[in-house]
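Below you'll find the structure, written out as structure tokens, and then a few comments.
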Amino acid sequence: MKKDKELEAILVITLGFMIVYKVFETEWLFFTALAIGILGTFISFFRKYLVLSWMRLASILNMIVPKLLLGLIFYLVLFPMSIFSKLFRSDNPIVLKKPELTNFTDSNKKFNNNDFLNTW
-5 MKKDKELEAI LVITLGFMIV YKVFETEWLF FTALAIGILG TFISFFRKYL
45 VLSWMRLASI LNMIVPKLLL GLIFYLVLFP MSIFSKLFRS DNPIVLKKPE
95 LTNFTDSNKK FNNNDFLNTW
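Under my numbering, the residues of the sequence shown are numbered -5 to 114, in order.
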């Protein structure tokens, strides 16, 4: 990974710790953000190790979170909606029209030669 991308990742991690610090108001989050920002900027070994760890964590979360999120959406939103829809619906949702005996319709029109000239 290039140095500017590594520095971007360090900045994002530091900013994340600062936002969490502002939410929870605990001092160790501020000092952690400060340490990560300073060490990540000046020590290349620490920066590479931290960015590599961050990317591994992101790839692990990428395998877990979408499945979990989609499962929660399905079981907490879509499944109850379908159950309620089936319980409170009075008609059959699959049959949209009343069944007919045939698909043909009667047409009481006299056809002449001009009707067949330009059919399209």
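For every residue, glycine included, the Cβ atom is placed at its ideal position computed from N, Cα and C.
- Nearest to Ile4 by C-alpha distance, out of Ile37, Thr20, Leu63, is Ile37.
- For Glu21, the three-state secondary structure derived from DSSP is helix.
- Ala52 sits exposed, since fewer than 16 C-beta atoms from the chains shown fall within 10 Å of its C-beta.
- Three or more Cβ pairs drawn from the stretch -3 to 16 and the stretch 26 to 45 lie within less than 8 Å of each other, which places the two stretches in contact.
- An exposed status is given to Thr20, since fewer than 16 other beta-carbon atoms sit within 10 Å of its beta-carbon.
- Counting the other CB atoms within 10 Å of its CB gives Ile30 a total of 16 or more, which places it among the buried residues.
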